[in-house]
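A.B. asks: After the structure tokens below, expect a handful of questions from me.
In our numbering, the protein residues as written are 10 to 383.
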């Protein structure tokens with residue numbers, strides 16, 4: 010991968026006419042340290058946020074060894090890059106083939122589930138292996154996140170307690186997991202979930218091997234007011250000490266978005282400007298900007314002309330992507346210099362999570378190339 014001093018250097022050296030992701034290794038290392046030094050337990054990176062090999066390898070260089078994987082491609086990717094990684098297959102719904110291959114071919118010994126059908130599937134494929142940890146995912150009746158994930162996954166507390174008892178009866182290591190929802194803006198949501206976890210464990214009458222508090226740690230997008238990470242870490246630690254006093258269980262979290270968002274920006278180019286305040290870029294919602302549409306996020310932007318920052322009075326612009334689909338449009342206006350025009354570049358920050366990871370090749374446009382900036 011080519012390396013450059015900064016984004017301006019990328020433009021002067023390459024003048025890319027295609028979307029280009031600019032990855033900053035030092036920024037990712039710094040964020041990994043914040044989690045490792047602040048969270049009171051183990052850190053597992055949620056690979057789905059950004060599965061670029063350089064991202065995974067950089068995190069491994071920081072000493073991170075736990076990875077939350079949700080597909081066989083992610084399992085294979087991490088195992089090949091980090092042979093000694095501890096893989097948590099935390100997709101609660103897997104095919105029998107996926108379970109069998111993960112266990113047999115890639116040494117996965119941790120699987121998530123949220124119903125008895127998945128439990129039996131896992132048991133059928135792994136047999137009576139006491140080293141296998143089964144993570145029962147539960148949900149609370151009330152949810153508060155900006156992006157709720159409980160509609161698809163999660164057993165009720167009563168069902169979760171029953172599943173934990175079955176896990177123990179079948180000879181596996183019992184673990185409990187939850188996810189407060191992506192972009193969670195209230196640190197006390199973790200407290201509520203840990204209280205719920207304690208209630209589930211008490212009802213089940215088992216000794217946990219692990220409590221996984223999931224991800225959900227937010228990113229400070231331009232239109233999001235979020236508390237600092239330390240407030241989340243303190244909330245988790247206080248709740249853990251209060252409701253699981255003296256527990257020998259491992260405590261773990263699975264950051265994805267908050268781990269990688271600020272380590273990658275997306276460099277786009279203006280293909281066309283219409284009279285007024287409308288611009289067409291060479292990337293859009295079918296590329297690295299999908300979350301701008303789905304979750305209405307607003308990321309910081311910077312404009313360039315010939316490698317120099319384009320300053321001057323800004324105005325709100327309507328921004329379209331390159332495809333022929335009229336929905337390929339950012340739902341929120343973007344503040345750009347009033348003089349922005351064809352051939353200029355627009356850099357979107359905080360694109361490390363669910364940027365290239367969700368990009369498509371619709372209409373023949375691609376958004377998958379990376380360079381490194383220092």
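Just so you know, even glycine gets a beta-carbon here, dropped at the ideal spot from N, CA and C.
All of these numbers come straight from a predicted model, not from anything done at the bench.
Can you tell which of 327, 130 and 318 has the C-alpha that lies nearest to the C-alpha of residue 391?
C.D. replies: A query on residue 391 cannot be resolved here, the shown segment of the chain reaching from 10 to 383 and no further.
A.B. asks: Could you tell me which whole alpha helix (DSSP H) segments of length 4 or greater appear in the region 175-238?
C.D. replies: 197-213
A.B. asks: I'd like the list of long-range same chain contacts for residue 381, defined as Cβ closer than 8 Å, with 5 residues on each side in sequence excluded.
C.D. replies: For the purposes of this step, residue 381 is taken as residue 372 along the chain shown, with counting starting at 1. Within the same chain, residue 381 has close Cβ partners 10, 11, 12, 13, 31, 32, 33, 34 and 63.
A.B. asks: Which one of 237, 22 and 174 has the shortest CA to CA distance from residue 213?
C.D. replies: Mapped onto the chain shown, residue 213 falls at position 204. If we check each option's Cα against that of residue 213, 174 comes out closest.
A.B. asks: CB-CB under 8 Å to residue 305, same chain, minus the five flanking residues each way: which ones, in chain order?
C.D. replies: Numbered from its first residue, the chain shown carries residue 305 at position 296. 232, 340 and 341.
A.B. asks: Kindly provide the ranges of any alpha helix (DSSP H) runs that are 4 or more residues long and lie completely inside the region 38-105, ordered along the chain.
C.D. replies: Correct list: 62-70 and 81-90.
A.B. asks: Let me know the secondary structure DSSP gives residue 291 once reduced to three states.
C.D. replies: Indexing the chain shown from 1 puts residue 291 at position 282. Note: residue 291 maps to coil in three-state DSSP.
A.B. asks: Can you tell which of 80, 194 and 60 has its C-alpha closest to the C-alpha of residue 235?
C.D. replies: For the purposes of this step, residue 235 is identified with residue 226 of the chain shown, where counting begins at 1. The shortest C-alpha separation from residue 235 is found at 194.
A.B. asks: In whole angstroms, give me the CA-to-CA distance for residue 261 and residue 316.
C.D. replies: Mapped onto the chain shown, residue 261 falls at position 252. Mapped onto the chain shown, residue 316 falls at position 307. Going from the Cα of residue 261 to the Cα of residue 316 covers about 43 Å.
A.B. asks: Exposed or buried, residue 22, counting other C-beta atoms within 10 Å across all chains shown (16 or more means buried)?
C.D. replies: In the chain shown, the residue the question calls residue 22 occupies position 13. Burial call: exposed.
A.B. asks: Counting along the chain, where does the alpha helix (DSSP H) carrying residue 16 start and finish?
C.D. replies: Looking up residue 16 in the chain shown gives position 7. Taken as a continuous stretch (DSSP letters only), the alpha helix (DSSP H) holding residue 16 covers 16-23.
A.B. asks: Please return the same chain residues whose Cβ sits closer than 7 Å to the Cβ of residue 73, not counting the five positions on each side in sequence.
C.D. replies: By one-based count along the chain shown, residue 73 stands at place 64. Cβ neighbours of residue 73 beyond the five flanking positions: 41, 52 and 54.
A.B. asks: Of all the options 116, 144, 333 and 61, which has the alpha carbon lying nearest to the alpha carbon of residue 101?
C.D. replies: Position 92 of the chain shown, counted from the first residue, corresponds to residue 101. Minimum Cα-Cα distance from residue 101 among the listed residues 116, 144, 333 and 61 corresponds to 144.
A.B. asks: Quick check: the Cα distance between residue 45 and residue 150, rounded to an integer number of angstroms?
C.D. replies: What you label residue 45 is simply residue 36 of the chain shown in a count that begins at 1. What you label residue 150 is simply residue 141 of the chain shown in a count that begins at 1. So the two alpha carbons sit approximately 31 Å from each other.
A.B. asks: With the cut-off set at 9 Å, would you say residue 25 and residue 276 are in Cβ contact?
C.D. replies: Here residue 25 refers to the residue found at position 16 when the chain shown is read from its first residue. Here residue 276 refers to the residue found at position 267 when the chain shown is read from its first residue. Contact flag set, yes.
A.B. asks: If you measure between the beta carbons of residue 266 and residue 69, is that distance less than 9 Å?
C.D. replies: Taking the chain shown and counting its residues from 1, the one referred to as residue 266 is at position 257. Taking the chain shown and counting its residues from 1, the one referred to as residue 69 is at position 60. Contact: no.
A.B. asks: Buried or exposed for residue 128, going by 16 or more other Cβ atoms inside 10 Å?
C.D. replies: One-based indexing of the chain shown puts residue 128 at position 119. When all chains shown are included, residue 128 counts as buried.
A.B. asks: In the DSSP assignment, find the unbroken alpha helix (DSSP H) run with residue 351 in it and report its ends.
C.D. replies: Mapped onto the chain shown, residue 351 falls at position 342. Per DSSP, residue 351 belongs to no alpha helix (DSSP H) and is neither H nor E.
A.B. asks: Which value, in whole angstroms, describes the spacing of the CA atoms of residue 176 and residue 191?
C.D. replies: By one-based count along the chain shown, residue 176 stands at place 167. By one-based count along the chain shown, residue 191 stands at place 182. Their backbone Cα atoms lie some 28 Å apart in a straight line.
A.B. asks: The ligand FAD and residue 13: does any heavy atom of the ligand fall closer than 8 Å to the residue's C-beta?
C.D. replies: Although the ligand FAD was asked about, the structure shown includes no ligands whatsoever.
A.B. asks: Using the rule of at least 16 other Cβ atoms within 10 Å of the residue's Cβ for burial, across every protein chain shown, is residue 37 buried or exposed?
C.D. replies: Taking the chain shown and counting its residues from 1, one reaches residue 37 at position 28. Counting Cβ neighbours within 10 Å, residue 37 comes out buried, since at least 16 surround it.
A.B. asks: Only counting the same chain, and skipping five residues up and downstream in sequence, which positions put a Cβ closer than 7 Å to that of residue 93?
C.D. replies: Counted from its first residue, the chain shown places residue 93 at position 84. Once the five neighbours on either side are set aside, the close Cβ partners of residue 93 are 74.
A.B. asks: In the DSSP output, what is residue 122 paired with across the bridge?
C.D. replies: Here residue 122 refers to the residue found at position 113 when the chain shown is read from its first residue. Residue 122 is bridged to 145.
A.B. asks: For residue 91 and residue 271, I'd like the C-alpha separation in whole angstroms.
C.D. replies: Numbered from 1 along the chain shown, position 82 holds the residue referred to as residue 91. Numbered from 1 along the chain shown, position 262 holds the residue referred to as residue 271. Each residue's alpha carbon lies about 23 Å from the other.
A.B. asks: Which value, in whole angstroms, describes the spacing of the CA atoms of residue 376 and residue 361?
C.D. replies: Numbered from its first residue, the chain shown carries residue 376 at position 367. Numbered from its first residue, the chain shown carries residue 361 at position 352. Looking at the backbone, the Cα of residue 376 and that of residue 361 are separated by about 13 Å.
A.B. asks: Does the beta-carbon of residue 160 have 16 or more other beta-carbons within 10 angstroms, so that it is buried, or is it exposed?
C.D. replies: Looking up residue 160 in the chain shown gives position 151. Answer is exposed; the Cβ neighbour count stays below 16.
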